[in-house]
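The letter at position 39 of the sequence shown is residue 149 when you use my numbering, and the numbering goes up by one with no holes. For glycine and all other residues, C-beta sits at the position ideal for the given N, C-alpha and C.
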Amino acid sequence: MLEEPKRILVCDDERHIVRLLSVILERQGHQVTCAYGGREAIGLLEKQRFDLAILDPKMPDVDGYQVRDWIMAHEETRTCR
């Protein structure tokens, strides 16, 4: 039995990291959406639902911890891990 592909948000301010993670996850059959900063990630989270968010803890605008806090503060996004 094949597992259903996950919707994954990858967020990092370093584009090469985002690209590397995207390639690895897409080869595993997942649907990947990319963000290059915390503000962009929150904007995407407001419009889409994800099964998983991979966040860089140190970003210049809004860091990964702040994005995590935003996810946990909203009922509709709390299931994103």
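**Request:** Could you tell me which residues DSSP puts in a beta bridge with Val120?
**Result:** For Val120, which the question treats as bridged, DSSP gives the partners Cys144, Ile164.
**Prompt:** Is Asp122 near Asp166, with beta carbons less than 9 angstroms apart?
**Reply:** Cβ distance < 9 angstroms, so Asp122 and Asp166 count as in contact.
**Candidates Val120, Ala163, Ile127, Gln138: closest to Glu113 by CA position** = When Val120, Ala163, Ile127, Gln138 are compared, the shortest CA-CA separation from Glu113 is found for Gln138.
**Asked** Do Val177 and Leu155 have their C-beta atoms closer together than 9 angstroms?
**Response** It is a contact, given that the beta carbons lie within the stated cut-off.
**Prompt:** Once you ignore the five residues that flank Leu131 on each side, which residues in its own chain have a CB closer than 8 angstroms to its CB?
**Reply:** Result list for Leu131: Val120, Asp122, Val142, Ile164, in chain order.
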